[in-house]
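By the count of the numbering used here, the sequence shown reaches residue 638 at its end, each step adding exactly one. Cβ atoms here follow ideal geometry from the backbone N, Cα and C, with glycine treated the same way. Fair warning: this is a prediction, and the values are worked out from it, not measured in the lab.
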Amino acid sequence: MTKYTSYQEAHKLSLKNPKEFWEQEAEKLHWYKKWDKVLDDSKSPFFRWFVGGKTNLCYNALDRHALGEKRGTAALIWESPETNQTKVYTFYSLYKEVNKFAGVLKNLGIKKGDRIIIYMPMIPEAIISMLACVRIGAIHGVVFAGFSRESLAGRIDDAKPKLLITADCGSRGGKLVKLKEIVDAAINSSEEDVKSVIIYNRKFDSELRITKGRDLDWEELMKKKSMKYVQPEEMDSSDPTYILYTSGTTGKPRGVVRDTGGYMVALHASMNQIYDCHPTNGDIYFSTSDIGWVVGHSYIVYAPLLAGIPTILYEGTPIYPDPGIWWRVMEKWGVTHVFSAPTAFRILKKFPESWITDRDLSSIKYFFMAGEPLDEPTYHWAKEVLKTKVIDHYWQTESGWPMLTNMPGIELMEIKPGSPTKPAMGWDLLIVNENGNEMPRGEKGTLVCRPPLPPGTLMTVYNDDIRYKTSYWEIFPKKQLYYTGDYAIQDGDGYFWILGRADEVIKIAGHRLGTREIEEAISSHKAVAETSCIGVEDKLKGTVVIAFVVLREGFTVSDTLKQEVVDVVREQIGPIAAPKAVEVVKILPKTRSGKIMRRVLKGVYEEKQLGDLSTIEDGASIDEVSNAINEMKKELGK
Ligand code: AMP
């Protein structure tokens, strides 16, 4: 096994000779047939890794351990403060359950390449479903269970699933969410005819309605239609594992498609190189994310299991039933690696530190953060109370694993608070100006990556190769550069600093939302003629949405109407997208060609110089917006 002496050496090799670099990582996993070619870049920007190789992700994540030394070791630890339950699966018992459920899927006629939507709370059956899909080669599409029926319906329309798996209810902060009801409504409003719905019935909803001929009960299927063993499907390395929807700059979310072999190799390597997480050290991984997000896919489910590490699946919030709950879970299991988001810390900061410091957290070796900028005060606070290494790293749904990070598994570089450090292996990141030319160190520009993208990154946008090319590869004409959508700076030491989104995407509490999606939801309200949304700074959530609305003739402004606008977003997208404030204006600042000038809205809110206004249609719109913003600030107590 290669042992690198420094980050620089390893990173250089990963760029200079990616084939050699990744091949030795791939050798560590099980392949039914080895690859003919490590990388096929002949159809750039569509990169294919380990071409000709045959493997199975479930086999590598489970069978390899369950039928070997780790048979009796914990694989999945479920902690649910919501329901006061704990459950531990060993690699063997998880393997058995996954086989049984894979048998159910087979008996229902699910085949390789069929899509299955998983709309589940954070319960073991969600992970069993994901692993069973990849075992038989079905493509899963996990939809965050906090998304509304409209969002779910949109994903059903796009993925055209043969089957949907859900539960009667989820629970958040002690409140039940009737998921099955949302599924029924989503299927009703979608254009697709979903033939079967499997329900894991937690018996929390006494009024659960069953649609005969379509709805199937998990327990009953596991009794009557399961199999003891299901042969894993021999998948081509480039066969898709899953589709995961994420927001872009248009109203329609993009279905990021992930391959099999490249993803498996990249995740497995990352556990060692980035997270310094090893089964031989007795390490235990706790990612506080949700299986509906990319972090959940990669670092609750696949990466820890591939590495043979126990993973904690947590159903709940950081503060329910009290702000000590996370820390009790970590103390109880002697967690060694934690992965969380800065927002959670900003929430926890409001409570006495003793909720954390009273616990024995000496087992924690690293605390990783991602999803949004880790501001310096939060970094220092976290480091102080946790007394461990706090590591900020940067990545995207598209990348599948970190792009910028410290690399304690190879070399722990100096931590500069506020910077996610340097490019991960295989990432040839640079900062460019609007023409795609590289910027000198210290100057702001857009963060891009030179091809090829390393293994594990998105293959395309589901059913839309053109959108893949136009959204990610054609932002700088004549230059082949992967566009991240973020502004950044690289300092003299080679560290990168993320400055925020360059496109019309907002990150709220670590979750990505397109302004267009929110605007489309608001526009569906009968009183709204026109609207524009922006993300503004918020102490707790990092960023929140504020919305400006122009009303149709005949409608007048009222608190009820503003609340309705908030509710329409809540219903159509989900509570995370709900605007923090809504203000009515007579006109919005627009260019003469009719494009709404979001930068003017943002500039007025942030009380900054507005820059070049020569293209504005009507200067009076700025006064309108200023007045509206003053009102908003009063409401928000600023
Ligand atoms: P998502 O695909 O939803 O995970 O969103 C990815 C986006 O989140 C990135 O393009 C960044 O805008 C932001 N992001 C993720 N990690 C970080 C980080 N460590 N620092 C700053 N922004 C981040």
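Range covered by the beta strand (DSSP E) that runs through residue i
i	result
A529	V528 to D538
L164	L163 to A167
T639	Residue coverage of the chain in this structure runs from 1 to 638, which leaves residue 639 outside it and unanswerable.
C449	G445 to R450
D40	K37 to D40
L601	Run containing L601: none in the beta strand (DSSP E); it sits in the alpha helix (DSSP H), R598 to Y605.
I77	A74 to S80
R172	G170 to R172
T484	Y482 to Q490
S471	From DSSP, S471 is part of no beta strand (DSSP E) but of the alpha helix (DSSP H) over D465 to Y472.
R592	Segment: none, R592 is in no beta strand (DSSP E) and carries neither H nor E.
I118	R115 to Y119
Cβ neighbour criterion (16 or more within 10 Å) applied to residue i
i	result
A75	buried
R135	buried
Q572	buried
R441	exposed
H297	buried
S206	exposed
Q273	buried
Q85	exposed
E233	buried
H30	exposed
G113	exposed
G485	buried
Y242	buried
Y229	exposed
H11	buried
D491	exposed
N17	exposed
G292	buried
Unbroken alpha helix (DSSP H) run spanning residue i, endpoints
i	result
K180	L179 to S189
G154	R149 to A159
S362	Taken as a continuous stretch (DSSP letters only), S362 belongs to no alpha helix (DSSP H), as it is neither H nor E.
D322	First-last for D322: undefined, no H or E at that position.
S626	A620 to L636
Q8	Y7 to K16
I506	Segment V505 to I508 is the beta strand (DSSP E) holding I506; no alpha helix (DSSP H) there.
A145	A145 -> no alpha helix (DSSP H), and no H or E assigned at all.
V134	P124 to I136
S523	T515 to S523
R71	Careful: R71 lies outside any alpha helix (DSSP H) and carries neither H nor E.
F345	P342 to L348
Cut-off 6 Å between Cβ atoms - residues of its own chain near residue i, not counting five sequence neighbours on either side
i	result
G510	A341, T343, G371 and E372
F555	A527
G603	L610
D239	T260
T336	D283, I284, S363 and K365
Y200	E125, A167 and W218
CB-CB length for residue i against residue j, believed under 8 Å
i	j	result
H393	F368	6 Å
E631	E583	6 Å
I693	Y4	The structure shown has nothing for residue 693, since the chain only spans 1 to 638.
Y605	I534	7 Å
F339	V295	7 Å
L458	R258	7 Å
Y7	K562	Actually they do not touch by this definition, with Cβ atoms about 51 Å apart.
I127	L313	6 Å
F131	S196	First, the residue type needs correcting, since residue 131 is Leu and not Phe in the sequence shown. About 19 Å separates the two Cβ atoms, so there is no contact after all.
V104	M222	6 Å
I110	I116	7 Å
F91	A66	4 Å
K468	I475	One detail in the question is off: residue 468 reads as Tyr in this sequence, not Lys. Contact flag wrong, Cβ pair sits at about 12 Å.
Sequence-distant residues of its chain with Cβ nearer than 7 Å to residue i (five each side left out)
i	result
M439	I431, V432, N433 and G445
D464	none
A382	F345, F367 and V390
A266	G400, W401, P454, P455 and G456
N60	L29, H30, M264 and L306
Cut-off 8 Å between Cβ atoms - residues of its own chain near residue i, not counting five sequence neighbours on either side
i	result
E564	H525 and A527
S532	T515, E519, A547, F548, L588, I596, R598 and L601
A488	I431, K444, G445, T446, L447, F496, W497, I498 and L499
K54	W31, Y32, K33, E234, M235, D236 and S237
T388	L361, I364, K365, Y366 and F367
Output the residue ranges of the alpha helix (DSSP H) runs that lie fully inside the region 546-590 and measure 4 residues or longer, sorted by chain position. Counting only runs of at least 4 residues, the region 546-590 fully encloses the following alpha helix (DSSP H) elements, listed from N- to C-terminal order: 559-572.
Continuous alpha helix (DSSP H) assignments of at least 4 residues falling wholly in the region 182-243: Taking 4 residues as the shortest admissible run, the region 182-243 contains the following complete alpha helix (DSSP H) segments, listed from N- to C-terminal end: 218-224.
4 or more residues per run - each alpha helix (DSSP H) lying fully within the region 274-316: Complete alpha helix (DSSP H) runs here, min 4: 303-307.
3-residue-minimum beta strand (DSSP E) runs that sit fully inside the region 376-454, ordered along the chain: Fully enclosed beta strand (DSSP E) runs of 3 or longer: 389-392, 428-432 and 445-450.
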